[in-house]
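Colleague: The sequence shown begins at 165 in the numbering used here and counts up by one.
Cβ atoms here follow ideal geometry from the backbone N, Cα and C, with glycine treated the same way.
Sharing a structure below in structure tokens format, with a few things to ask.
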Amino acid sequence: LPYFSCYKDITDFIVSNGSITYELSNLDISNALATNPGYCNNRTNFAGWSIYVIYQDDNLPLNQVSLFQGLEIINRLVPEKTIVLDNLNVLDNENAKLGFLAWEGDNALNYG
């Protein structure tokens, strides 16, 4: 059982519910741990969620937004990672922005 992630377009759900408290619950991986001996022996078991808010404002300059989904590992065996992003059309290199959502990290480790 590898690490896993998922994504979903929840625009309609957010539009319907508006400004409320959103939470993730009932993510139970105990069965996966019980039926896959050795899975996550280092006990790196965690879960998280995030919402990317992308909106349209006709008064702002045209922008490109690209979302890429997937997991990459960095550890003592893989201290560096090159990530290639395809289909980007950067018209303004000076003001372009790039963001990453990264899960789990240890400040004391000297790799990655």
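Does the count of Cβ pairs from the stretch 232-252 and the stretch 175-182 closer than 8 Å reach three?
Modeller: These segments do not touch.
Colleague: Can you give, in chain order, each stretch of the alpha helix (DSSP H) that sits fully within the stretch 176-227 and has at least 4 residues?
Modeller: For the stretch 176-227, whole alpha helix (DSSP H) runs of length 4 or above, ordered along the chain, are 194-199.
Colleague: Given residue 260, which residues of its chain have a CB within under 6 Å of its CB, disregarding the five upstream and five downstream residues?
Modeller: Here residue 260 is taken as the residue at index 96 of the sequence shown, counted from 1. Same-chain partners within the cutoff: 254.
Colleague: Measuring alpha carbon to alpha carbon, tell me which of 177, 262, 189 ends up nearest residue 229.
Modeller: Mapped onto the sequence shown, residue 229 falls at position 65. Measuring from the Cα of residue 229, the nearest candidate turns out to be 262.
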